[in-house]
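In what follows, a single structure is set out as structure tokens and then discussed.
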Amino acid sequence: MTVVRHGFLGALSPGHRERLFTFAHDVSFPGGTRIFEEDGVADRFWIIRSGLIALDVHVPGRREAVVETLGEGDLVGWSWLFEPYRWHLGAQARSTVSASEFDAERVRAACEKDPSFGLALTNCVAQVIARRLRATRIRLLDLYGPPDAGES
Amino acid sequence: MTAAAPLTARPGTVPIPYRVVEREGETSDTATIVLEPVRSALQPFAPGQFAMVYAFGVGDIPLSVSGIDGHRLTHTVRTVGAVSGALHGLRRGDTVGVRGPFGTGWELPAAVGNDLLVVAGGIGLAPLRPLVRDVLAAPERYGRLNVLIGARTPHELLYAEDVRGWQSAARILTTVDRADPLWQGEVGVVTTLLDRAAFGPGTTSAFICGPEPMMRATAGELVHRGVDPERIRVSLERNMHCATGHCGHCQLGPLLLCRDGPVVSWTKAQPLLMVREL
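Structure below.
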């Protein structure tokens with residue numbers, strides 16, 4: 003697959019990237035597929051090769067609210083790295099998605115066995131979380147909403 | 034006694050009458066109006082420049098041109114206060130006063146040969162639309178054209194027909210902050226679209242218009258990815274009144290944005306935007 007320079011993989015060294023992919027296999031999801039649900043067991047994660055995945059939140063009595071979409075090169079899921087290993091959001095394929103799927107348990111075991119690899123991978127995931135937090139904060143500002151003060 | 038010399042107005046201070054020849058509602062609070070000179074026309078506008086548009090009896094506000102077609106001017110106005118509300122409420126046949134052109138433009142000729150990255154947030158797409166049109170009129174002069182559009186909701190996306198027409202010649206990426214059940218596109222902030230744009234940082238010119246925090250985030254991300262700050266141009270807003278560089282209301286540090294902007298390089302803008310008091 004093509005490595006996306008600014009995606010999740012871009013932050014890993016070539017050696018660690020190669021190591022990570024020993025735990026992966028290719029998968030494909032037709033559009034509309036539910037990939038995981040809120041509070042489900044976070045036992046795997048994905049890096050998108052093509053297509054779009056929507057992250058959503060269950061709202062009782064209403065359709066799931068889409069809170070973010072992820073595309074080529076993006077990491078899908080980070081709850082697998084932290085106990086209790088449960089998904090905080092749901093995920094659905096918006097279009098046909100091709101992705102690399104990783105066995106989370108084996109990756110965690112490799113991180114424990116090789117601290118250098120574990121640290122590098124944790125740093126990458128932390129960067130993803132930080133980036134998404136920054137993006138969420140910007141959205142909270144409601145920048146495109148009506149200004150607070152009008153012109154004269 | 035010697036007769037007094039006749040008083041003459043400073044250039045750009047007397048509104049010229051223009052008539053509304055077309056009006057299209059874009060969203061619930063935003064409309065695009067096409068203006069045609071009643072008699073004499075102003076000097077030609079460049080993409081990125083603005084006019085002071087005067088609703089008679091109410092006041093005037095700065096509006097960037099969102100379309101240029103001969104002597105016709107197109108402006109997109111969002112209802113914010115009394116003046117913009119009056120302009121939004123104009124109908125075909127109504128007359129307004131127009132002063133201009135004012136300020137700096139996007140300076141597209143400086144980007145010849147480069148990949149182009151156009152990043153618009155909300156109504157910031159309005160000042161960028163004539164830039165995109167100019168690029169598409171002579172696409173062989175440039176590399177890849179990317180247009181990244183962010184909006185609050187799907188219903189607040191502007192120029193749907195134009196954007197569809199651009200898709201054959203540009204990479205168009207659109208995202209909204211909040212989706213509705215029918216929206217099948219991307220959800221998130223516009224900066225996340227940079228990952229999927231097609232450009233080489235070393236040979237890219239970027240043009241950004243939108244809310245200031247969005248411009249800061251986008252420009253910062255582009256610099257991080259290796260785009261030269263001098264090749265990143267942003268359109269800034271301040272409270273413009275005279276538009277001729279005299280009253281000082283639009284001052285941003287050493288700049289008077291009506292004269293030295295609104296389009297400035299990120300090299301100039303970034304240090305000023307970091308000063309809270311400016």
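Line by line, the protein sequences are chains A and B. Position in the first sequence (first residue = 1) + 2 = the numbering used here. Position in the second sequence (first residue = 1) + 33 = the numbering used here. We treat Cβ as the ideally placed atom computed from N, Cα and C, and that holds for glycine. Remember, it's a predicted structure, so these values are computed and weren't measured experimentally.
- Taking 7 Å as the cut-off, the beta carbon of V151(B) is found no closer than this to the beta carbon of T251(B).
- The DSSP assignment places complete beta strand (DSSP E) segments of no fewer than 3 residues inside the region 197-240 of chain B at 204-209, in order along the chain.
- DSSP places H108(B) outside any alpha helix (DSSP H); the residue lies instead in the beta strand (DSSP E), whose first and last residues are 105-111.
- As the crow flies, the alpha-carbon of G183(B) is around 17 Å from that of S99(B).
- For E173(B), no chain A residue has a Cβ inside 7 Å of its Cβ, as the nearest lies near 27 Å away.
- Here F47(A) is not near V130(A), since their CB atoms are 7 Å or more apart.
- Note on P295(B): 16 or more other CB atoms within 10 angstroms of its CB, so buried under the neighbour-count rule.
- Assignment of R136(A) by DSSP, reduced to helix, strand and coil, places it in the helix class.
- With a cut-off of 8 Å on Cβ pairs, the region 30-37 of chain A is in contact with the region 93-107 of chain A, counting three or more such pairs.
- Taking 7 Å as the cut-off, the beta carbon of T225(B) is found no closer than this to the beta carbon of V260(B).
- For E40(A), no Cβ of chain B is located within less than 7 Å of the residue's own Cβ.
- Chain A has a Cβ within less than 7 Å of the Cβ of R185(B).
- Secondary structure of G33(A) (DSSP, three-state): coil.
- A250(B) sits in a helix when the DSSP states are folded into three classes.
- Inter-residue distance for I49(A) and V222(B) is about 20 Å (C-alpha atoms, whole angstroms).
- Straight through space, the alpha carbons of V256(B) and S73(B) are spaced by roughly 44 Å.
- For V68(A), the C-beta contacts it makes with chain B under 7 Å involve A212, V220, in order along the chain.
- Residue environment analysis places E189(B) among the buried positions, since at least 16 neighbouring C-beta atoms fall within 10 angstroms of its C-beta.
- Relative to the Cα of G126(B), the nearest Cα in the group G286(B), L306(B), I66(B) belongs to I66(B).
- Taking CB atoms only, L145(A) has a neighbour in chain B less than 7 Å away.
- E69(B) does not reach chain A, its nearest Cβ partner there being about 25 Å away, counting only Cβ pairs nearer than 9 Å.
- With contacts defined by Cβ atoms closer than 7 Å, L269(B) and L290(B) form a contacting pair.
- If only complete runs of 3 or more residues are kept, the region 62-109 of chain B shows the beta strand (DSSP E) at 63-70, 83-88, 92-102, in order along the chain.
- For the options Q217(B), R266(B), T112(B), I49(B), the alpha carbon positioned closest to that of K301(B) is the one of R266(B).
- Counting along the chain, the unbroken beta strand (DSSP E) around T71(A) starts and ends at 67-72.
- Its chain contains V69, E70, L91, A93 as the residues whose beta carbon lies nearer than 6 Å to that of L57(A), once the 5 sequence neighbours on both sides are disregarded; these appear in chain order.
- Beta-bridge annotation (DSSP): H27(A) is paired with E103(A).
- Secondary structure of G12(A) (DSSP, three-state): helix.
- In the DSSP assignment, D58(A) forms a beta bridge with V68(A), G92(A).
- In the three-state DSSP reduction, R46(A) falls in the strand class (E or B).
- Within 8 Å of the CB of E59(B), no CB atom of chain A is found; the nearest one sits about 13 Å away.
- For G157(B), the secondary structure class from DSSP, reduced to helix, strand or coil, is helix.
- Membership of T60(B) in the beta strand (DSSP E) is indicated by the continuous run 49-60.
- In chain A, no part has a C-beta under 8 Å from the C-beta of E194(B); the shortest such distance is about 20 Å.
- For R141(A), a Cβ of chain B is located within less than 7 Å of the residue's own Cβ.
- In this structure, the CA atom of D105(A) is about 47 Å from the CA atom of L169(B).
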